[in-house]
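*Asks:* Heads up: take any position in the sequence shown, counting from 1, add 100, and you land on the working numbering. Yeah, the Cβ is synthetic: ideal placement off N, Cα and C, and Gly gets one too. Everything numeric in this text was worked out from a predicted model, so none of it was measured.
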Amino acid sequence: MKDHLQVKLSEALKADFTLACEANHTYPSAVLREFCERYVAETGASSRPGAVASPQKSLEIRPKPIDQSLETKSFRLGELYSGPGGVGMGAALAEVLHEGRRYCTEPVWVNDFDKDSCETWKRNVLRHYRETKGYSADCDVICGDVRAIDIDALPDVDGLMFGFPCNDFSIVGEHKGFDGEYGPLYSYGVKVLYKDHQPDWFLAENVGGITSSNEGLAFEKILADLEGAGYTLTAHKYKLEEYGVPQARHRVIIVGFRNDLNKKFEVPAPTGERVTSGQALSNIPEWSPNQERTRQSKTVEERLSFIKPGENVWNAEALPDHLKLNVPRTQLSHIYKRLDPNKPAYTVTGSGGGGTHMYHWSENRALTNRERACLQTFPLDFEFLGSKESVRKQIGMAIPVKGARLIVEAILKTYAGVTYDSVKANL
């Protein structure tokens with residue numbers, strides 16, 4: 101009977117993803133609240149997820165209905181370098197109601213090079229549009245090298261999102277910038293902006309290190325190309341932990357509105373919400389997917405036993421000599437670093453060898469992919485497809501869903517003429 105309840109809770113989550121990955125995972129969405137209230141009324145049980153008794157009868161859970169009386173402005177979206185759906189899910193969740201009108205999004209085409217990421221996007225983001233928003237049109241998921249796409253043949257869109265590859269701009273990599281294989285790929289987003297039917301707006305995203313690549317010339321070139329396409333730009337380096345994301349994740353996001361629209365995007369002010377890693381990883385239900393654990397050697401388990409929360413292998417004072425690493429100290433301070441449950445996590449990454457998987461604050465183990473996904477604020481029932489290492493990469497390369505939703509909702513508010521708290525752009 102417990103499994104039956106978990107299925108019903110899962111269905112509720114599918115109907116409204118806003119519950120996912122908040123502190124303790126207990127903030128009720130409209131659909132989940134309705135389910136809990138109906139369940140309590142019929143069984144007399146507690147309404148707190150995880151603390152309810154077995155249901156006595158089947159309760160029908162329906163997706164939250166769309167108010168058909170509202171006039172709707174739905175922006176047709178195209179996305180390059182979609183990954184598993186961090187930005188895509190954020191856009192799917194974004195919605196603004198203003199003066200009797202609803203502003204939202206719908207996908208037209210998306211592209212990514214990685215097959216697993218494409219399948220993950222279809223399984224989750226496209227499903228969300230279909231099951232909760234009644235979206236029935238075809239969405240072209242183009243899995244392959246962006247350089248092989250005929251940009252001019254792509255259907256027209258109202259909004260473009262592209263988190264272009266960060267490999268050559270990241271401080272973790274070789275920092276090749278435009279001299280690397282991936283650096284110039286931003287230009288394919290620019291090509292979409294130059295189509296005969298230009299999008300109303302775009303959102304471009306990359307790592308913080310992009311501003312210093314090629315001695316800053318790469319970023320200047322990117323801004324010049326985007327502005328030259330006919331857009332008014334707002335570029336800002338966001339510290340997403342200031343917006344309720346439970347990890348220190350700093351990303352440069354550029355938003356542009358087409359010049360003739362006479363709209364200027366303002367940077368949303370930090371929300372003041374602070375979510376710790378301990379809160380984000382509490383009470384993850386058993387039914388949530390991607391919870392496979394990494395096998396740890398006895399040596400790794402012993403090493404972790406001497407590392408305190410927030411410490412890494414380099415600064416753990418109690419670490420015996422035989423457990424220290426006999427390698428030159430690298431620029432990374434995250435080797436075998438435990439989370440501090442009272443702080444946001446350090447940055448989730450998508451690759452790395454031994455000691456880079458992120459580690460639980462009290463258990464002698466690496467985080468599961470589900471835990472990493474929670475730090476990236478993916479919904480609890482968001483299922484990543486592919487091998488464990490493929491899933492790790494997908495999660496680490498994504499933008500947090502919560503951050504993406506906040507930015508897209510600010511874009512919708514800007515278009516609708518809705519004012520919101522803002523700060524001055526820092527780039």
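Is the beta carbon of Gly496 closer than 8 Å to that of Val427?
*Replies:* no
*Asks:* Quick check on the DSSP output: what are the complete beta strand (DSSP E) runs of length 3 or more inside the region 282-320, in order along the chain?
*Replies:* 301-307
*Asks:* How long is the line joining the alpha carbons of Lys493 and Glu199, rounded to whole angstroms?
*Replies:* 42 Å
*Asks:* Which residues mark the beginning and the end of the beta strand (DSSP E) in which Leu361 is found?
*Replies:* Run containing Leu361: none; DSSP gives neither H nor E here.
*Asks:* Assuming contact is defined by CB atoms lying nearer than 8 Å, are Gly289 and Val352 in contact in what I supplied?
*Replies:* no
*Asks:* Measuring CA to CA, which of Glu463, Thr376, Gly186 is closest to Ser217?
*Replies:* Gly186
*Asks:* Considering Cα atoms alone, identify which of Arg349, Gly356, Tyr338 is closest to Ile322.
*Replies:* Gly356
*Asks:* Leaving out the 5 sequence neighbours to the left and right, which residues in its chain are closer than 6 Å to Thr172 when beta-carbon positions are compared?
*Replies:* Arg202
*Asks:* Does the region 238-247 come close enough to the region 211-228 to have 3 or more Cβ pairs within less than 8 Å?
*Replies:* yes
*Asks:* In chain order, which alpha helix (DSSP H) runs of at least 4 residues are fully inside the region 320-348?
*Replies:* none
*Asks:* Just curious, the beta strand (DSSP E) that Tyr181 is in, first and last residue?
*Replies:* That residue, Tyr181, is in no beta strand (DSSP E); it is neither H nor E in DSSP.
*Asks:* Quick check: is the beta carbon of Lys443 nearer than 8 Å to any beta carbon in chain B?
*Replies:* Although the question refers to chain B, the structure presented lacks it and comprises just one protein chain.
*Asks:* Taking the alpha helix (DSSP H) that Tyr229 falls in, what are its first and last residues?
*Replies:* 227-233
*Asks:* Taking the alpha-carbon positions, what's the Phe175 to Arg393 distance?
*Replies:* If I take the Cα positions, the gap works out to 40 Å.
*Asks:* Would you please state the rounded distance, in angstroms, between the beta carbons of Ile384 and Glu489? I believe it to be under 8 Å.
*Replies:* No, Ile384 and Glu489 are not in contact; Cβ-Cβ is about 21 Å, not under 8 Å.
*Asks:* How close, in whole Å, do the beta carbons of Tyr338 and Phe262 come, if the pair is a contact with beta carbons under 8 Å?
*Replies:* Rounded, the Cβ-Cβ distance is 17 Å, inconsistent with contact.
*Asks:* Could you name the residues of the same chain whose beta carbon sits closer than 7 Å to that of Asn526, not counting the 5 residues immediately before and after it, in chain order?
*Replies:* His336, Lys337
*Asks:* List the DSSP bridge partners of Phe175.
*Replies:* Thr205
*Asks:* Could you check if Glu219 belongs to the surroundings of the ligand MN, using beta carbon to heavy atom distance under 7 Å?
*Replies:* Although the ligand MN was asked about, the structure shown includes no ligands whatsoever.
*Asks:* Pull up the distance between the alpha-carbon of Asp481 and that of Val225, whole angstroms please.
*Replies:* 11 Å
*Asks:* Can you tell me which of the three DSSP states Met261 falls into?
*Replies:* strand
*Asks:* Looking only at DSSP bridge pairs, what is Leu480 linked to?
*Replies:* BP columns for Leu480 are empty, so no partner.
*Asks:* Once the 5 residues before and after Val413 are set aside, which same chain residues still bring their CB inside 8 Å of it?
*Replies:* Arg403, Ile407, Leu419, Lys424, Leu425, Ile435, Tyr436, Lys437, Gly455
*Asks:* Return the first residue and the last residue of the beta strand (DSSP E) that Asp250 is part of.
*Replies:* Neither: Asp250 is in no beta strand (DSSP E) and is coded neither H nor E.
*Asks:* Under three-state DSSP, which class holds Gly503?
*Replies:* helix
*Asks:* Tell me Arg438's beta-bridge partners as DSSP assigns them.
*Replies:* Tyr459
*Asks:* On the DSSP letters alone, give me the boundaries of the beta strand (DSSP E) that Val196 sits inside.
*Replies:* 196-198
*Asks:* Which residue marks the beginning of the beta strand (DSSP E) containing Asp240, and which one marks its end?
*Replies:* 240-243
*Asks:* CA-CA distance, Lys502 and Asp421?
*Replies:* 42 Å
*Asks:* In the DSSP assignment, find the alpha helix (DSSP H) that holds Gln494 and state where it starts and stops.
*Replies:* 488-497
*Asks:* Leaving out five residues before and five after Tyr528 in sequence, what residues of the same chain have Cβ atoms less than 8 Å from its Cβ?
*Replies:* In the structure as shown, the chain starts at 101 and stops at 527, and residue 528 therefore has no counterpart that could be examined.
*Asks:* Should Asn211 be labelled buried (16 or more other beta-carbon atoms within 10 Å of its own) or exposed?
*Replies:* buried
*Asks:* Can you have a look at Lys524 and say buried or exposed, based on whether 16 or more other CB atoms are within 10 angstroms of its CB?
*Replies:* exposed
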